[in-house]
Ligand SMILES: Cc1cc2nc3c(=O)[nH]c(=O)nc-3n(C[C@H](O)[C@H](O)[C@H](O)COP(=O)(O)OP(=O)(O)OC[C@H]3O[C@@H](n4cnc5c(N)ncnc54)[C@H](O)[C@@H]3O)c2cc1C
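Residue numbers (the working numbering): 5 to 380.
Right under this line is the structure:
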């Protein structure tokens with residue numbers, strides 16, 4: 005399927021089904037409702053075929069360019085039918101399963117994620133390990149039938165909803181650093197796993213602490229090879245900075261348009277609006293070329309850190325502009341719209357942290373793209 009045909013057919017289908025796919029606007033900030041509604045939308049677009057385009061046939065897809073996935077998420081986000089953060093988790097985790105899981109496991113599991121029958125989470129960060137994943141300590145010890153996992157993860161988004169987790173574990177000595185890490189695909193209902201949601205400053209229980217108390221993981225849940233989890237993480241993180249961010253830009257574009265429509269006359273500084281618009285277009289131009297490189301089969305890598313820096317900058321700029329233009333309504337208003345702007349403003353502060361902090365992205369750009377040396 006070519007992009008032009010896909011776009012025309014999908015837009016027509018969405019015009020016909022938009023009303024039945026629309027979220028309950030009064031509950032748009034409620035995470036339980038967002039997750040329930042996400043499953044409804046994913047199931048509908050999967051069953052109608054749209055969600056299957058751009059994914060390989062061996063995992064239930066219909067093949068075709070990855071650009072089709074980029075457009076589907078863009079269309080759903082631009083119409084306010086899904087929240088991009090929860091929708092795009094598929095783009096972060098499914099490619100890793102496809103590339104690294106045993107083929108039978110990928111064929112069994114990926115369609116469940118695409119169809120919204122399941123939610124998955126990403127267990128990388130730990131209390132002492134965020135930017136420096138090479139120091140992670142959650143240990144997987146070999147047993148007769150696989151591994152026994154003991155340790156803790158933190159900031160694990162959506163873990164309380166997740167059926168599965170892509171988990172990084174320590175299998176080498178602590179000194180083995182990035183060489184002694186192994187990735188496992190873990191069922192979240194395995195005995196020994198405890199999930200405790202954490203309330204973020206915008207009031208949502210989006211992420212969690214996850215405790216592993218001698219959790220048994222079978223042999224066939226190994227992703228890639230033992231002690232090669234680092235390269236899996238390095239392959240996964242660029243996906244977090246590619247199609248997922250393209251979808252996020254569609255959402256920022258929509259919110260910027262809504263701000264322009266909703267703000268009282270004269271409330272928006274035109275120069276500031278021009279600057280934010282320019283930042284948004286710069287990001288979209290950059291991300292567009294990333295989507296095309298991915299579609300051409302290029303292996304994404306450290307250059308996606310540029311995408312993440314640009315996205316975080318424009319995300320914060322959009323909501324700074326909203327705060328300036330709407331002022332007290334954002335800070336104090338009780339109606340659902342004011343609440344939504346406030347929530348999004350607060351969440352936008354996380355854009356320079358999640359998926360690798362702004363400082364770490366700049367370090368990657370400096371060292372790996374500009375060859376400006378290491379820490380010393
Ligand atoms: C909304 C949200 C969702 C998240 N979801 C997930 C998830 O699903 N799964 C998951 O595994 N993690 C998740 N995270 C965690 C995220 O990946 C980490 O917070 C992030 O990588 C930073 O790690 P840290 O919090 O340990 O901070 P630290 O690594 O301790 O960093 C603290 C500060 O020091 C700076 N810093 C650290 N090292 C350097 C350096 N070498 N040079 C310059 N500055 C440095 C950082 O930029 C930061 O400002 C999420 C975070 C957020 C905010």
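Beta carbons are placed, not taken as given, at the ideal position from N, Cα and C, and that holds for glycine.
Self-check item: Uninterrupted beta strand (DSSP E) stretches inside the region 184 to 226 (no shorter than 3 residues)
Solution: Runs found: 185 to 191, 197 to 202 and 211 to 222.
Quiz item: For the region 57 to 102, which segments carrying the alpha helix (DSSP H) assignment without a break, of at least 4 residues, lie completely within its bounds, in sequence order?
Solution: 71 to 82 and 88 to 91
Quiz item: In terms of residue numbering, what span does the alpha helix (DSSP H) encompassing residue 45 cover?
Solution: Bounds of the alpha helix (DSSP H) holding residue 45 are 35 to 51.
Quiz item: Any chance the region 122 to 140 sits against the region 69 to 86, with 3 or more Cβ pairs inside 8 Å?
Solution: Short answer: they don't touch.
Quiz item: Is the region 321 to 330 touching the region 300 to 311 in the sense that three or more CB pairs, one from each, lie closer than 8 Å?
Solution: no
Self-check item: Beta-carbon proximity check, residue 304 vs residue 246, cutoff 8 Å
Solution: yes
Quiz item: Roughly how many angstroms lie between the CA atoms of residue 182 and residue 230, to the nearest whole one?
Solution: 12 Å
Quiz item: Counting pairs of Cβ atoms below 8 Å between the region 48 to 62 and the region 223 to 242, do you hit three or more?
Solution: No contact exists between the region 48 to 62 and the region 223 to 242.
Quiz item: Can the beta-carbon of residue 130 be found closer than 8 Å to that of residue 157?
Solution: Yes, these two residues count as a Cβ contact at 8 Å.
Practice problem: For residue 138, collect the residues of the same chain with a Cβ closer than 8 Å to its Cβ; drop the 5 residues on either side in sequence, then sort them by chain order. | Solution: 181, 182, 185 and 234
Quiz item: Exposed or buried, what is residue 285 when buried is set at 16 or more other beta-carbons lying within 10 Å of its beta-carbon?
Solution: In this structure residue 285 is exposed. Its beta-carbon is surrounded by fewer than 16 other beta-carbon atoms within 10 angstroms.
Quiz item: Since residue 227 and residue 100 are thought to touch, with beta carbons under 8 Å apart, how far apart are those beta carbons, to the nearest angstrom?
Solution: 7 Å between Cβ atoms; contact.
Exercise. Measure the C-alpha to C-alpha separation of residue 83 and residue 316 and round it to an integer number of angstroms.
Key: 22 Å
Quiz item: Buried or exposed: which applies to residue 282, given that a residue is buried once 16 or more other Cβ atoms fall within 10 Å of its Cβ?
Solution: exposed
Quiz prompt | Length of the line joining the Cα atoms of residue 191 and residue 85 | solution = 29 Å
Exercise. Tell me whether residue 319 counts as near ligand 1, meaning its Cβ is closer than 7 Å to at least one heavy atom of that ligand.
Key: no
Practice problem: Taking 8 Å as the cut-off, decide whether the C-beta atoms of residue 398 and residue 173 are in contact. | Solution: In this structure the chain extends from 5 to 380, so residue 398 is not present and cannot be described.
Quiz item: Grouping DSSP H, G and I as helix and E and B as strand, with all else coil, what is residue 26?
Solution: Residue 26 falls in the coil class under three-state DSSP.
Quiz item: How is residue 160 classed by DSSP in three states: helix, strand or coil?
Solution: strand
Quiz item: Using the rule of at least 16 other Cβ atoms within 10 Å of the residue's Cβ for burial, across every protein chain shown, is residue 295 buried or exposed?
Solution: buried
Quiz item: DSSP state of residue 331, grouped into three classes?
Solution: coil
Quiz item: For residue 280 versus residue 318, is the C-beta distance shorter than 8 Å?
Solution: yes
Quiz item: Between 331, 362, 77 and 232, which lies nearest to residue 267 when the distance is taken from Cα to Cα?
Solution: 331
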